[in-house]
Amino acid sequence: MYNISMEHNDLEILRHSASHIMAMAVKKLFPDAKLAIGPAIEEGFYYDFELPRPLTEEDLPKIEAEMTEIIKKDIPFERLELSKEKASQLLENAGEKYKTELLREIPDAQVSFYKNGDFTDMCRGPHISSTGKIKAFKLLKIAGAYWRGDEKNAMLQRIYGTAFNTKKELDEYVTRMEEALKRDHRRLGKELDLFNIYHEQAGAGLVYYHPKGAALRGVIEDTLKKEHRKRGYQQVVIPHIAKIDLWNTSGHTGYYKENMYFMNIDEQEYVLKPMNCPGHILIFNRKINSYRELPVRFFELGTVYRYERSGVLHGLMRVRGFTQDDAHIFCTQEQLQDEIAKTIDFAFDMIKKFGFEDFKVFLATRPESYVGTEENWKSATKALEDAMKAKGIEYDVDPGAGVFYGPKIDVKLKDAIGRFWQGPTIQVDFNNPERFDLSYIGEDGAHHRPVMIHRVVLGSMERFIGVLTEHYAGAFPFWLAPVQAVVLPIADRHNDHAQKIAELLREKDIRVETDERREKIGLKIREAQMQKVPYMLVVGDKEVELGSVAVRSREKGDLGVRSLEDFLKEAGA
RNA sequence: GCCAGCAUACCUCAGUUGGUAGAGGAGUCGAUUCGUAAUCGACCUGUCGCCGGUUCGAUUCCGGCUGCUGGCUCCA
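In terms of this note's numbering, the first sequence has 289 at position 221, counting the first letter as 1, and numbering is strictly consecutive.
Right, dumping it as structure tokens:
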């Protein structure tokens with residue numbers, strides 16, 4: 069354990085040193101370059117520069133060549149300590165305005181610099197002993213980045229790269245990137261004919277599900293509906309637009325305005341719903357509620373629309389219209405922790421059902437802009453913490469990442485190639501019950517304020533389908549596959565039998581297609597295989613005679629002849 | 001929104017000194033009736049993303065717009 073973390077640390081030092089070497093190379097090519105920051109990151113390193121001209125892809129090989137030279141010379145990294153005054157003078161003389169700004173914020177009297185030959189950079193370190201220690205590196209891409217991540221600041225040019233201890237590890241990294249590209253959901257969405265975004269004709273960030281994508285989504289939605297019913301949720305359906313008054317009450321017009329779409333109908337202002345909660349609250353509030361009825365759990369496959377800046381849209385992962393498996397639980401204070409615990413169990417059950425084994429849990433606390441009292445926030449946060457502690461769940465705190473009306477638990481799913489994606493979120497809300505003046509009649513006959521839990525289990529259908537597609541690289545397990553089996557007759561005379569087989573399977577609720585084209589069986593198999601259909605059922609003279617099918621599995625190839633019943637049993641249908 | 005790059009047939013992509021375009025796959029038609037990842041042949045396919053400018057002439061050069069990709073920022 070200790071060793072692994074040490075190695076990781078070494079890699080960080082190596083990458084950070086590589087970023088210095090890159091800065092050195094850039095300074096050589098662009099003597100006027102101003103240095104900003106250049107840290108090691110999860111997959112490599114970057115350095116931000118202000119440059120006299122924009123970089124292009126063609127600059128990368130030149131910078132790489134300079135770096136290779138520097139590495140070959142095996143220049144030592146020398147650490148020097150300077151007083152703040154001297155450091156400031158040095159940086160100002162060099163015109164390093166970004167470094168000067170950083171220096172001003174360092175509280176210590178002494179600051180460290182690292183020097184390689186004639187290149188010096190203010191840096192905490194540590195570094196490798198000399199440049200020759202870098203055995204494998206690669207520059208990956210260029211990008212724009214604001215100074216300190218603030219769009220009010222200057223746009224700097226960032227170069228991303230990565231470095232490893234060995235050439236082999238670098239090659240593996242490159243291979244992994246290629247693998248990620250191959251399973252990109254946007255690419256697979258096209259290849260498997262699942263969905264499309266008709267950007268030009270219909271708008272960015274708005275998803276159209278083709279029949280196969282809709283089939284997949286249908287399976288997911290049916291599963292969700294069933295699982296929610298099992299756990300005492302009632303499904304509701306609400307309209308997609310509502311008068312602005314509703315959003316004034318909830319506080320959305322104050323704290324969520326940037327993300328909302330407004331429209332005018334008969335001189336009245338309406339809002340395209342960015343969230344489902346106010347709608348569910350209206351339904352809860354339709355009558356006087358008794359404590360005997362709580363908790364009330366409303367579930368909806370709720371479609372919401374949020375304005376997202378054009379630059380952030382990304383396939384199914386970041387869109388402007390999406391459907392959440394959203395629910396709102398109205399309960400008493402006393403029920404709160406138990407309800408949170410149940411919700412966590414539900415979420416974990418579901419993500420495991422869909423094939424995700426690993427995840428990370430975060431507690432997102434109060435953001436800068438929020439509604440409600442400090443006290444409400446404190447007790448809401450505590451309720452989430454207590455529930456997780458009671459269940460022994462390990463989590464990290466994500467400060468300031470809560471929603472404007474309450475703190476939340478975020479679960480991030482790890483996919484098949486080790487990347488994390490936003491999954492379930494559970495939010496506690498003391499604020500909306502107050503804003504909407506919600507109440508229930510307690511045992512004592514008096515009015516009491518219920519607490520609300522907002523939660524999604526899979527998140528949005530869009531993002532989840534995107535994640536699921538990348539996780540399985542398009543090869544969905546049998547129960548999820550848009551087409552579960554395809555029947556392949558060898559010659560025309562086998563078509564009747566093929567149709568009969570398909571019909572029998574449809575009766576069993578299997579999604580099945582037949583391929584009656586006058587093509588060779590090899591071609592039909594190849595195409596079914598590329599479409600990642602779990603089972604191919606080949607029928608020829610032998611199968612017609614026996615009334616059977618020859619089963620070929622997507623993973624295992626030819627499995628031989630068997631009866632339809634045996635096939636169904638084997639497939640787990 | 002900002003920085004950089006990109007936009008050519010249904011898809012993937014060629015196309016340089018500016019003279020209205022091609023390849024493979026897909027599709028259609030025909031032949032082949034075939035046993036576990038590609039049978040053969042013929043045919044069809046385009047306002048070269050949109051609008052404007054420069055030019056005798058623009059897919060090519062310039063500007064604007066729409067959108068995509070990778071980042072910044074944000075997030076289900």
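Beta carbons: idealized from backbone N, C-alpha and C, even for Gly. Since this is a predicted model, take the numbers as computed values, not measurements.
* To do: Check whether the Cβ atoms of V551 and E581 sit closer than 8 Å, and answer yes or no.
  => Translated into the one-based positions of the first sequence, residue 551 becomes position 483. Translated into the one-based positions of the first sequence, residue 581 becomes position 513. Contact flag set, yes.
* **Helix, strand or coil at A469 [DSSP, three-state]** => By 1-based counting over the first sequence, the position of residue 469 is 401. Coil at A469, not helix or strand.
* Asked: Nearest-angstrom Cα distance between E633 and D560?
  -> Counted from its first residue, the first sequence places residue 633 at position 565. Counted from its first residue, the first sequence places residue 560 at position 492. Each residue's alpha carbon lies about 25 Å from the other.
* **Residue range of the unbroken alpha helix (DSSP H) whose run includes E401** => Sequence index remark: in the first sequence, residue 401 carries index 333 (1-based). Checking the sequence shown, residue 401 turns out to be Gln, not Glu. Its alpha helix (DSSP H) spans residues 401-421.
* Which listed residue (A514, D497, K167, R531) has its alpha carbon closest to that of M520 -> The residue you call residue 520 lines up with position 452 of the first sequence. Minimum Cα distance to M520 is reached at D497.
* Asked: Is K459 near I412, with beta carbons less than 8 Å apart?
  -> Taking the first sequence and counting its residues from 1, the one referred to as residue 459 is at position 391. Taking the first sequence and counting its residues from 1, the one referred to as residue 412 is at position 344. Contact flag set, yes.
* **S621: first and last residue of the uninterrupted beta strand (DSSP E) it sits in** => Along the first sequence, one-based indexing puts residue 621 at 553. That run of the beta strand (DSSP E) goes 617-621.
* Just how far apart, CA to CA, sit N71 and E146? -> Along the first sequence, read from residue 1 onward, the residue named residue 71 stands at position 3. Along the first sequence, read from residue 1 onward, the residue named residue 146 stands at position 78. Here the model assigns N71 a pLDDT of 34, short of 50, so the residue's position is not dependable and the matter cannot be decided.
* To do: Please go through the same chain and pick out, in chain order, the residues whose beta-carbon is closer than 7 Å to the beta-carbon of F117, but skip the five residues on each side of it.
  => Reading the first sequence from its first residue, position 49 is the one you call residue 117. Excluding sequence neighbours, F117 sits near V94, A101, K102, L103, A104, L224, Q225.
* Asked: Does the beta-carbon of Y228 have 16 or more other beta-carbons within 10 angstroms, so that it is buried, or is it exposed?
  -> Taking the first sequence and counting its residues from 1, one reaches residue 228 at position 160. Its Cβ being crowded by 16 or more others within 10 Å, Y228 is buried.
* Cα-Cα separation between V287 and E538, rounded to whole angstroms -> As a working mapping, residue 287 is identified with position 219 in the first sequence. As a working mapping, residue 538 is identified with position 470 in the first sequence. Each residue's alpha carbon lies about 18 Å from the other.
* To do: Pull up the distance between the alpha-carbon of L340 and that of H382, whole angstroms please.
  => Here residue 340 is taken as the residue at index 272 of the first sequence, counted from 1. Here residue 382 is taken as the residue at index 314 of the first sequence, counted from 1. Roughly 22 Å between the two C-alpha positions.
* What separation, rounded to the nearest whole angstrom, lies between the Cα atoms of G322 and H348? -> Here residue 322 corresponds to residue number 254 of the first sequence, with the count starting at 1. Here residue 348 corresponds to residue number 280 of the first sequence, with the count starting at 1. Using only the alpha carbons, I get a separation of about 20 Å.
* Based on the DSSP secondary-structure assignment, which residues constitute the bridge partners of L128? -> For this step, residue 128 is matched to residue 60 along the first sequence. Answer is none; L128 lacks a bridge partner.
* Asked: How would you label K592, buried or exposed, when you count the other beta carbons within 10 angstroms and need 16 or more for buried?
  -> Reading the first sequence from its first residue, position 524 is the one you call residue 592. Buried.
* Give the DSSP-derived three-state secondary structure of L103 in the structure shown. => Indexing the first sequence from 1 puts residue 103 at position 35. Correct three-state label for L103: strand.
* Asked: Where does the unbroken beta strand (DSSP E) through T371 begin, and where does it stop?
  -> Taking the first sequence and counting its residues from 1, the one referred to as residue 371 is at position 303. That run of the beta strand (DSSP E) goes 364-373.
* So E522 is in the beta strand (DSSP E); what residue range does that whole segment cover? -> If you number the first sequence from 1, residue 522 lands on position 454. It is worth fixing the name first, because residue 522 is His in this sequence and not Glu. Unbroken beta strand (DSSP E) run through H522: 519-528.
* Asked: From L79 to F232, what distance separates their C-alpha atoms?
  -> Reading the first sequence from its first residue, position 11 is the one you call residue 79. Reading the first sequence from its first residue, position 164 is the one you call residue 232. In a straight line, the C-alpha of L79 is about 7 Å away from that of F232.
* What first and last residue would you give for the alpha helix (DSSP H) that runs through Q567? -> What you label residue 567 is simply residue 499 of the first sequence in a count that begins at 1. Note, Q567: alpha helix (DSSP H), 563-575.
* **Residue burial classification, M74 (beta-carbon count within 10 angstroms, cutoff 16)** => In the first sequence, residue 74 corresponds to position 6, counting from 1. Summary for M74: the model assigns pLDDT 40, below 50, so the residue's position carries little reliability; its value from the coordinates is reported in the next sentence. That one is exposed.
* Asked: Whole alpha helix (DSSP H) runs in the stretch 139-186 with 4 or more residues, listed along the chain?
  -> 152-161, 165-172
* Relative to the C-alpha of A553, which residue among F414, T199, M418, G640 is closest? -> Taking the first sequence and counting its residues from 1, the one referred to as residue 553 is at position 485. Ranking the options by Cα distance to A553, first place goes to G640.
* For my contact list, L556 and A596 are in at a C-beta cut-off of 8 Å; report their separation, rounded to the angstrom. => Locating residue 556 in the first sequence gives position 488, counting from the first residue. Locating residue 596 in the first sequence gives position 528, counting from the first residue. With 8 Å as the limit, L556 and A596 qualify as a contact, their Cβ atoms being about 7 Å apart.
* Name the two residues that bound the continuous beta strand (DSSP E) containing D478. => For the purposes of this step, residue 478 is taken as residue 410 along the first sequence, with counting starting at 1. Looking at the DSSP string, the run of the beta strand (DSSP E) that includes D478 is 476-482.
* Asked: Pairing CB atoms from the stretch 480-487 with CB atoms from the stretch 497-508, are three or more of them under 8 Å?
  -> no
* To do: Report yes if the C-beta distance between A451 and A409 is below 8 Å; otherwise report no.
  => Mapped onto the first sequence, residue 451 falls at position 383. Mapped onto the first sequence, residue 409 falls at position 341. Not closer than 8 Å, so no.
* Among residues of its own chain, excluding the 5 on either side of G370, which ones have a beta-carbon nearer than 6 Å to its beta-carbon? -> Counted from its first residue, the first sequence places residue 370 at position 302. For G370, where only same-chain residues beyond five positions count, the Cβ hits under 6 Å are N344, Q392, D394.
* **Selection from Y214, R297, E134, S85 that minimises the alpha carbon distance to P194** => The residue you call residue 194 lines up with position 126 of the first sequence. Ranking the options by Cα distance to P194, first place goes to S85.
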